[in-house]
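Numbering (the UniProt record's numbering), first residue to last: 1 to 567.
Positions of the beta carbon are idealized from the N, C-alpha and C atoms, including for glycine.
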Ligand SMILES: Cc1cc2nc3c(=O)[nH]c(=O)nc-3n(C[C@H](O)[C@H](O)[C@H](O)COP(=O)(O)OP(=O)(O)OC[C@H]3O[C@@H](n4cnc5c(N)ncnc54)[C@H](O)[C@@H]3O)c2cc1C
């Protein structure tokens with residue numbers, strides 16, 4: 001059922017087996033997976049069905065270096081459905097190497113392996129509506145009706161593969177898509193309910209609760225649950241933990257000062273020119289799998305090559321020329337430039353960058369549109385029918401340069417670094433919670449990863465005779481940080497590990513410090529891999545749901561701490 005916190009009288013104490021905070025991809029997945037479990041589940045969500053500026057305001061904070069990180073209230077959405085109300089829907093699993101401890105990658109190594117997540121990926125793919133779990137061209141296109149065309153003909157490399165795929169969700173807004181199912185279920189979804197504080201009873205009992213909840217109009221109530229799951233996103237999880245003192249007084253789960261550290265995103269940028277005029281064929285667009293899902297191939301640095309080069313995980317895509325530079329002469333790209341005022345900030349930032357404004361540039365783009373009318377009209381018609389009006393949206397603009405000269409888009413693993421961190425500032429939000437302060441940093445290992453991978457790609461393109469990849473090696477660091485941290489991927493701030501001195505949760509996503517608090521979301525990833533995180537967030541949430549119903553045995557935990565037992 002779906003309830004509103006405004007209808008719950010102040011001072012009420014709700015009882016539950018499990019209280020989940022946050023109805024984004026992670027929280028909604030957990031709630032769906034537990035709807036038939038027999039557990040009494042409460043799902044607290046700060047927002048409602050629509051965007052509300054006062055709710056979104058709760059996400060504002062400060063940023064140490066605004067050139068390197070976006071404002072704290074951008075690239076995340078505080079409403080039912082969370083950031084899936086805005087995401088791009090690109091799905092792919094983590095790779096086996098991402099879980100390994102690698103000598104060259106500091107702080108690497110998960111306490112679980114890909115095998116532990118694999119049983120949940122197919123279901124995660126289904127929840128994300130990304131079709132079947134088939135992430136190679138051979139798996140996704142086994143039939144002659146959808147032949148597998150090579151990305152770059154005659155590019156045969158031991159260093160880069162071209163057969164792995166990205167698959168695209170609709171993109172599915174988890175709130176919109178699963179609202180009706182949750183409304184019919186036993187799960188009590190409570191909107192406009194902000195979890196503010198998780199008191200720790202004492203170090204002996206190792207139990208937390210009851211959770212203190214507030215509304216923006218001043219109501220306060222509590223939820224006394226046997227267990228709690230924080231599914232509030234990779235920036236809000238550490239904020240919530242740090243806002244509750246825990247045993248140490250330094251934050252719940254923070255006795256060893258790890259909460260909020262190791263904050264990662266991905267390293268992404270667009271660089272150079274890939275001239276593929278020597279290839280027998282080039283296919284850089286989308287394929288549609290038999291189940292109707294858009295899929296796209298990319299160049300992926302193979303695991304052994306990563307080990308040989310001491311580089312992190314890395315993929316690259318063939319990309320169109322830079323949009324703001326009208327010199328490309330392409331009507332489609334210029335139409336996109338002219339559409340800039342209606343493109344959301346989160347997408348405009350990378351599409352346009354610090355594009356030169358001014359009437360001269362605008363006129364040059366308008367000229368491109370006019371002189372390229374047939375192409376532009378064809379594109380706009382396709383965009384209207386396959387994106388604007390379609391339930392499953394065409395994922396992005398694909399422009400094929402006639403001369404087969406592309407730019408290169410890369411997306412790479414960021415190394416965990418203890419000094420890249422999220423802390424609390426001294427200012428408070430409307431609920432009285434200390435706001436977030438973000439100090440995202442990259443390291444020499446990150447520059448090394450991208451530098452080595454690009455050099456290896458240039459070498460392989462030349463060696464195979466398919467063409468030439470030219471770029472200025474001196475530009476690599478500037479390009480990979482041009483737009484700062486890759487927005488929307490908030491990773492590692494409550495990392496998983498066996499050692500409480502260097503991690504916040506164990507391999508079951510349970511706080512080292514408490515027996516009844518679990519974390520769902522990318523905050524628990526110890527390393528980022530190259531993969532966009534949401535599919536793995538959903539798979540981990542399914543794994544956690546299984547654990548909560550079985551091995552965690554939460555109904556056998558002592559009676560939930562209540563307000564009277566903690567007074
Ligand atoms: C522009 C953009 C594009 C993206 N594209 C992709 C992509 O292509 N592929 C991909 O894998 N990922 C993408 N992402 C990232 C993706 O959106 C996130 O990984 C995913 O939404 C995270 O899910 P989550 O449930 O962990 O957190 P969130 O979606 O952030 O959900 C957290 C929920 O918690 C609620 N909440 C917060 N604080 C409280 C509180 N105190 N009490 C109660 N509720 C609270 C919030 O309102 C929210 O509903 C993109 C993100 C953005 C912004």
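For residue i, the three-state DSSP class (helix, strand or coil)
i           : result
residue 257 : coil
residue 450 : helix
residue 161 : strand
residue 46  : coil
residue 28  : helix
residue 361 : helix
residue 172 : coil
residue 125 : helix
residue 200 : strand
residue 461 : helix
residue 429 : coil
residue 415 : coil
residue 445 : helix
residue 138 : helix
residue 524 : helix
residue 57  : helix
residue 15  : strand
residue 188 : strand
residue 482 : coil
Beta-bridge pairing of residue i - partner residues as DSSP gives them
i           : result
residue 439 : 421
residue 538 : Its beta-bridge partners do not exist; DSSP assigns none.
residue 562 : DSSP lists no partner for residue 562.
residue 294 : 288
residue 319 : 407
residue 470 : 273
residue 21  : 44, 230
residue 1   : The partner list for residue 1 (beta bridge, DSSP) is empty, contrary to what the question assumes.
residue 491 : 264
residue 194 : 214
residue 301 : 160
residue 477 : Answer by DSSP bridge pairing: none, since residue 477 is not bridged.
residue 152 : 282
residue 580 : Missing from the structure shown is residue 580; the chain here goes from 1 to 567 and no further.
residue 505 : 496, 511
residue 350 : Answer is none; residue 350 lacks a bridge partner.
Spatially closest choice to residue i from the options, by CA coordinates
i           : options            : result
residue 408 : 96, 273, 398       : 273
residue 278 : 507, 405, 258      : 405
residue 293 : 481, 489, 558, 134 : 134
residue 379 : 390, 335, 362      : 335
residue 391 : 81, 169, 7         : 169
residue 327 : 431, 364, 201, 191 : 364
residue 95  : 106, 314, 47, 439  : 314
residue 483 : 414, 446, 353, 450 : 353
residue 283 : 241, 137, 222      : 137
residue 287 : 394, 262, 358      : 394
residue 564 : 463, 177, 367, 211 : 211
Residue i CB to nearest heavy atom of ligand 3 below 7 angstroms
i           : result
residue 347 : As far as ligands go, the structure on display features ligand 1 and does not contain ligand 3.
| said: Going residue by residue through the stretch 59-120, where are the continuous beta strand (DSSP E) segments of at least 3 residues, counting only ones entirely within it? | reply: 61-63
| query | So, do the stretch 536-543 and the stretch 209-225 have three or more beta carbon pairs nearer to each other than 8 angstroms? | reply | no
| field | Complete runs of the alpha helix (DSSP H) confined to the stretch 203-280 [at least 4 residues] | value | 236-243
| query | Pairing CB atoms from the stretch 345-352 with CB atoms from the stretch 178-188, are three or more of them under 8 angstroms? | reply | no
| Can you give, in chain order, each stretch of the beta strand (DSSP E) that sits fully within the stretch 368-399 and has at least 3 residues? | none
| request: Decide if the stretch 414-424 is in contact with the stretch 317-330; the criterion is three or more beta carbon pairs, one per stretch, under 8 angstroms apart. | output: no
| Contact the stretch 230-239 vs the stretch 454-461: 3+ CB pairs below 8 angstroms | no
| Meets three-Cβ-pair contact criterion under 8 angstroms: the stretch 157-164 and the stretch 289-309 | yes
| query | Given 8 angstroms as the limit, is there contact between the stretch 59-75 and the stretch 20-34, that is, 3 or more CB pairs closer than that? | reply | no
| Can at least three beta-carbon pairs, one atom from the stretch 222-233 and one from the stretch 13-32, be found at a separation below 8 angstroms? | yes
| Inter-stretch contact (C-beta, 8 angstroms, three-pair minimum) for the stretch 244-255 and the stretch 186-203 | yes
| Is the stretch 471-489 in contact with the stretch 263-271, if contact means three or more CB pairs nearer than 8 angstroms? | yes
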